Amino acid sequence: MLSNIFRSKNGKKAELDNSLQRLDAQYARISMEFEKLRNLERKIEKLDSKLREVKGMLDNKPAILPTNVRSSKTKEAIKLILKKYGELSSAQLAKLIKLSRTRCNEYLKEMEREGDLVSRVESRKKLYKIRQ
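All letters in the sequence shown, in the order written, are residues 0 to 131 by numbering that gives the first Met the number 0.
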């Protein structure tokens with residue numbers, strides 16, 4: 000009878016040890032998952048702060064984006080030519096400043112949107128002049 004008690008105690012002890020090992024393994028897995036979640040939370044916080052920063056930058060942007068130096072020089076050249084000649088078509092301007100007509104049209108449309116130029120259509124030509 001004593002041998003049954005000792006065997007059952009040893010069996011229970013082995014069962015308890017086995018259960019503790021399984022719990023330790025589960026605890027380790029849970030700890031690893033928890034650490035992954037913490038890392039993910041940090042990444043989300045970084046993304047959130049970057050998004051807020053970009054939103055702030057977009058809210059503070061002017062309606063018209065700043066132009067680069069080359070395009071501002073071209074626009075100044077267009078203004079000078081139009082001051083000298085008064086009213087010209089995009090094809091005439093393109094020849095004078097040695098640009099393609101398409102690129103010249105882009106500058107003219109942009110300057111018209113900005114309010115620097117006005118245009119009128121005469122027969123099939125669109126003529127541009129400086130806004131008074």
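Note that beta-carbon positions come from the ideal geometry of N, C-alpha and C, so glycine has one too. No experiment lies behind these values; they were computed from the predicted model shown.
Backbone CA spacing between I129 and M56 [nearest angstrom]: The C-alpha of M56 is placed about 33 Å away from the C-alpha of I129.
Opposing strand residues paired with Y127 [DSSP bridges]: Looking at the DSSP output, Y127 sits in a beta bridge with L87 and S118.
Per-residue burial, M110 [other beta carbons within 10 Å of its own, 16 or more giving buried]: Counting the other CB atoms within 10 Å of its CB gives M110 a total of 16 or more, which places it among the buried residues.
Residues of its chain near L126, where Cβ-Cβ distance is below 8 Å and the 5 sequence neighbours each way are ignored: Apart from sequence neighbours up to five positions away, the residues of its chain that approach L126 with a beta-carbon distance below 8 Å are E86, L87, S88, S118, R119 and V120, ordered along the chain.
With 16 other Cβ atoms within 10 Å as the buried cut-off, status of Y106: With 16 or more other Cβ atoms from the protein chains shown falling within 10 Å of its own Cβ, Y106 counts as buried.
Rounded separation between S12 and N38 - CA only: As written in the sequence, residue 12 is Lys, which differs from the Ser given in the question. Distance from the CA atom of K12 to the CA atom of N38, rounded to whole angstroms, is 39 Å.
Local Cβ density within 10 Å of L19, reported as buried at 16 or more and exposed below that: With fewer than 16 other Cβ atoms within 10 Å, it is exposed.
S99 and A93 closer than 8 Å at C-beta: In this structure, S99 sits near A93, with a CB-CB distance shorter than 8 Å.
Candidates A24, S30, S71 and K49, of which the one nearest E113 by Cα: Considering only alpha carbons, the answer is S71.
Buried versus exposed call for L116 [16 or more other C-beta atoms within 10 Å across all chains shown]: Buried: at least 16 other Cβ atoms inside 10 Å.
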